[in-house]
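Taking it in order: structure first as structure tokens, then the write-up.
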Amino acid sequence: MKVLVPVKRVLDFNVKVRVKSDQSGVDLANVKMSMNPFDEISVEEAVRMQEAGTATETIAVSIGPEKCAETIRTSLAMGIDRGIHVKTDAEVEPLAVAKILKAIVEEEKPELVLLGKQAIDDDSNQTGQMLAALLGWPQATFANSITKDGDSLTVGREVDGGIQTIKVSLPAVVTVDLRLNEPRYASLPNIMKAKRKPIDAKTPDDYGVDISPRLTTLKVAEPAGRTAGVKVADAAELVSKLKEEGVI
Amino acid sequence: MDFSLTEEQVMIRDMARQFSDSELAPYAQRWDAEKSMSRGVLEKAAGLGFAAIYTKAEHGGSEMGRLDAALIFEQLSRGCVSTAAFLSIHNMVTWMVDAFGDDELRARFVPKLAAMKMIGSYCLTEPGSGSDAASLKAKAVKDGNHYILNGTKAFISGAGFSDVYLIMAKTGEKSISAFLVEDGTPGLSFGAQEKKMGWNAQPTAQVILEDCRIPVANLIGAEGDGFKFAMAGLDGGRVNIGACSLGGAGAALDAAIQYTGERQQFGKAISAFQNTQFKLADMATELDAARLMIYRAGDMIDKSDPNKSSACAMAKRFATDAGSKIANDALQLHGGYGYLADYGIERIVRDLRVHQILEGTNEIMRVIIARSLLR
Ligand SMILES: Cc1cc2nc3c(=O)[nH]c(=O)nc-3n(C[C@H](O)[C@H](O)[C@H](O)COP(=O)(O)OP(=O)(O)OC[C@H]3O[C@@H](n4cnc5c(N)ncnc54)[C@H](O)[C@@H]3O)c2cc1C
């Protein structure tokens, strides 16, 4: 089974996010960028599938500026076989990403596309679902466990009430949740090996995809700051305060 | 002149940082308090290639350079100075066996050392021989297919914990040789654990050799070459220990930046006082200068620059002095809280102090630098 793993370069999860003063977006100048943590999990899963013999080839794809090659390289150091970098400096929305991925799927013919359930920058949680719709493939989102049996996958999904287990036939799109696995660190020898693995450079035009945005961002603002609290002496005072505030 | 790291070096640094943040930092305080070292975490580190950083790939080495090693030790020591420094010593052993041992010795020891299934200690210092290392007294006498070792090694990191001891001993009036003595060899014993100011997450004790008989095959390289090997390891060891000071100091500086932003006195954050700001600015400046010197010294070893030894001595002296000062300043900025173990700063101060003493004292660094100036 050939596995395609899209990886996104995002603001590192440790970075304190700052909104640009003109409220046009988040300040990305001079901040540390890393692979989307959910994508680290899909990369890990793909590598484990390959180690277990269920995956025959693993390919990482990233869409975005020059530096996305570093994100692909990180996945190669974790064990992915090769990369495809679709270069663009433009803003790409989930639909545009899904369209490019669809074109890549048609070219590479993987049986499984393994994505993070969402990216921690925009938290859209749309790409996997859109891709499945465009391809007409079954989808299993928020995967907590994945096992292959024959021509289908059994996927445990994280839902509000617990774990829902579903069976999807291949080819399929699966998006992964945080508890699926614990991603490995790339070892020093594997970092050096990654240097020699190929990354194909492409552009959205190569796939004939129009990536122009369908959405307009009106304004990006920080969440309202927390206001100061008050200390209460006992439960009775707490209840009366809550009543005063109209909470209960 | 290009001061930027390569893409691989950035990945190496980031990976070491992640490992340090999640596998070392959360436990450093406990290891210090309990005076314990974890084999598990060392083996995990080895799994990433950290136990054989600048060792050839043939027997499992990572084949990195000395600048790469500096990047790694800096990041690891952010999480736990003592564990990072111990790994540096183990790397010295792995490298020395791999670089100078014959094929048979390398095949016997390097794979295990690289995986840290076997942990190595480096034994040069003796009770009567510290800075003047060549004056060591331990003796090895050949007896048929064996050497018989006698002597006492002092201040040995990992003594009683490690699986193999790399021993420098005299094989003649002017001849020093390097041997591997495995734990459990009759005649090998250890002194009581030393009670120390810092580096508590690793044991230190004497290594005692009494008619300790080892096979001739455990001689590293040729008889009489041991001191040459020791000298060959010095420059890199100094870069490593300097890098460990960078990491400890960097962590202390970051903690001070965070703390002074949160702590309120006189109605404002203490970072609003200009003294605090200037102190932080000086700490960051000193740290940057130290980092530049350490990275450059590592690069000079990688390029076999003729002036590397003097540059390594300068970098070690500067970075270990600066590291201790920065950590101490970070403690001061924390006020009384800095003196408490829970804040983690006093541990860094205690751990970094010894870097000014070992891998050659900072006075010996000045001797080396002055010698290169006046030759
Ligand atoms: C925690 C710890 C762990 C250690 N781990 C190891 C280890 O694993 N393996 C190992 O082999 N060793 C180890 N050492 C030993 C360390 O390398 C020595 O302590 C160091 O080399 C200094 O030797 P010394 O303590 O005998 O001091 P001395 O050499 O006696 O020095 C005492 C003082 O005199 C000064 N001095 C000496 N000579 C000169 C000179 N020519 N000019 C000016 N000043 C001079 C020194 O700078 C110092 O200030 C460790 C030490 C410590 C504290």
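First to last, the sequence lines map onto chains A and B.
In terms of the numbering used here, the first sequence opens at residue 1 and continues consecutively.
In terms of the numbering used here, the second sequence opens at residue 1001 and continues consecutively.
For every residue, glycine included, the Cβ atom is placed at its ideal position computed from N, Cα and C.
All values reported here derive from a predicted model rather than from experimental measurement.
Who does residue i pair with in a DSSP beta bridge?
i: Gly116 (chain A); result: A:Val176
i: Ala1269 (chain B); result: B:Gln1264
i: His85 (chain A); result: A:Ser62 and A:Ala201
i: Pro6 (chain A); result: A:Val61
i: His1146 (chain B); result: B:Asp1143 and B:Pro1215
i: Ile163 (chain A); result: A:Glu158
i: Tyr1165 (chain B); result: B:Ser1121 and B:Val1181
i: Glu1126 (chain B); result: B:Ser1129
i: Asp39 (chain A); result: Its beta-bridge partners do not exist; DSSP assigns none.
i: Met33 (chain A); result: A:Leu11
i: Gln139 (chain A); result: A:Val173
i: Ile1208 (chain B); result: B:Thr1152 and B:Ser1189
i: Ile1176 (chain B); result: B:Lys1170
What in chain B is Cβ-close to residue i, meaning under 8 Å?
i: Thr74 (chain A); result: Met1011
i: Ile191 (chain A); result: Glu1008, Met1011, Ile1012 and Met1015
Starting from residue i, find everything on chain B with Cβ-Cβ shorter than 7 Å and list it in chain order.
i: Ala77 (chain A); result: Met1011
i: Ser187 (chain A); result: Gly1047, Leu1048 and Gly1049
i: Lys8 (chain A); result: Within 7 Å Cβ-Cβ: nothing; Lys8 (chain A) doesn't reach chain B, min ~17 Å.
i: Lys195 (chain A); result: Glu1008
Cβ of residue i within 6 Å of any heavy atom in ligand 1?
i: Thr1185 (chain B); result: no
i: Gly1130 (chain B); result: yes
i: Thr1094 (chain B); result: no
i: Thr147 (chain A); result: no
i: Thr141 (chain A); result: no
i: Ser1157 (chain B); result: yes
i: Thr1152 (chain B); result: no
i: Tyr1165 (chain B); result: no
i: Thr1083 (chain B); result: no
i: Trp1031 (chain B); result: no
i: Tyr185 (chain A); result: no
i: Leu1340 (chain B); result: no
i: Glu1363 (chain B); result: yes
i: Tyr1320 (chain B); result: Reading off the sequence, residue 1320 (chain B) comes out as Thr, not Tyr. Answer for Thr1320 (chain B): no, Cβ out of range of ligand 1.
i: Leu1358 (chain B); result: yes
i: Leu1113 (chain B); result: no
i: Trp1199 (chain B); result: yes
i: Leu1124 (chain B); result: yes
i: Thr1171 (chain B); result: no
i: Thr1204 (chain B); result: yes
Output needed for residue i: all residues of its chain with C-beta closer than 8 Å, excluding positions within five of it in sequence on either side, in chain order.
i: Thr1320 (chain B); result: Ile1241, Gly1242, Ser1245, Leu1352, His1355, Gln1356 and Asn1362
i: Ala1205 (chain B); result: Ile1156, Ala1159, Gly1160, Phe1190, Gly1191, Ala1192, Gln1193 and Glu1194
i: Arg1225 (chain B); result: Here the sequence assigns Asp to residue 1225 (chain B), which means Arg is not the residue at that position. Around Asp1225 (chain B): Phe1100, Ser1177 and Ala1178.
i: Val1093 (chain B); result: Leu1113, Gly1120, Ser1121, Tyr1122, Val1164 and Leu1166
Give a single yes or no on whether residue i has its beta carbon closer than 6 Å to a heavy atom of ligand 2.
i: Val1354 (chain B); result: Absence of ligand 2 from the depicted structure is noted, with ligand 1 being the only ligands included.
Do we get a CB-CB distance below 7 Å when we pair residue i with the residues of chain D?
i: Ser62 (chain A); result: As a matter of chain content, chain D is missing from the structure shown, whose protein chains are A and B.
Residues of chain B with CB closer than 9 Å to the CB of residue i, please, in chain order.
i: Glu70 (chain A); result: Glu1007, Val1010 and Met1011
Identify the contact partners of residue i in chain A, using a Cβ-Cβ distance below 7 Å as the criterion.
i: Ser1004 (chain B); result: The contacting residues do not exist; Ser1004 (chain B) stays about 13 Å from chain A at best.
i: Ser1062 (chain B); result: Leu188 and Pro189
Given residue i, which residues of its chain have a CB within under 7 Å of its CB, disregarding the five upstream and five downstream residues?
i: Asp1021 (chain B); result: Gly1079
i: Ala46 (chain A); result: Val3, Val5, Ala55, Thr58, Ile80 and Leu114
i: His1059 (chain B); result: Asp1098, Arg1106, Ala1107, Val1110, Pro1111 and Ala1114
i: Ile1208 (chain B); result: Thr1152, Ser1189, Phe1190 and Gly1191
i: Val105 (chain A); result: Leu4, Val113 and Leu135
i: Ile163 (chain A); result: Asn144, Gly156 and Arg157
i: Val209 (chain A); result: Ala96, Lys99, Ile100 and Ala103
So, at 6 Å on beta carbons, what are the nonlocal neighbours of residue i in its own chain, with the 5 sequence-adjacent residues on each side left out?
i: Glu1210 (chain B); result: Gly1187
i: Arg1213 (chain B); result: His1146 and Ile1148
i: Ile248 (chain A); result: Leu242
i: Thr1260 (chain B); result: Ile1270, Ser1271, Thr1276 and Leu1333
Exercise. When you check each C-beta in the segment 1008-1040 of chain B against every C-beta of chain A, which residues fall closer than 8 Å?
Worked result: Residues of the segment 1008-1040 of chain B with a Cβ closer than 8 Å to any Cβ of chain A, in chain order: Glu1008, Val1010, Met1011, Ile1012, Asp1014, Met1015, Gln1018 and Phe1019.
Exercise. Between the segment 1064-1076 of chain B and chain A, which residues of the former have a C-beta closer than 9 Å to a C-beta of the latter?
Worked result: Of all residues in the segment 1064-1076 of chain B, those with a C-beta nearer than 9 Å to a C-beta of chain A are Met1064, Asp1068 and Ile1072, reading in chain order.
Exercise. If you measure beta-carbon to beta-carbon, which residues of the segment 1250-1283 of chain B are closer than 8 Å to chain A?
Worked result: If you check each beta-carbon in the segment 1250-1283 of chain B against every beta-carbon of chain A, none falls closer than 8 Å.
For this session: Check each residue of the segment 1078-1090 of chain B: if its Cβ is closer than 9 Å to any Cβ of chain A, include it; give the result in chain order.
Result: So nothing in the stretch comes that close.
Problem set entry | Contact set between the segment 1108-1126 of chain B and chain A, restricted to residues whose Cβ is under 8 Å from the partner | Here the close residues number zero.
Exercise. Between the segment 1047-1059 of chain B and chain A, which residues of the former have CB atoms less than 8 Å from a CB of the latter, in chain order?
Worked result: Among the residues of the segment 1047-1059 of chain B, those with a Cβ less than 8 Å away from any Cβ of chain A are Gly1047, Leu1048, Gly1049, Phe1050, Ile1053 and Ala1057, in the order of the chain.
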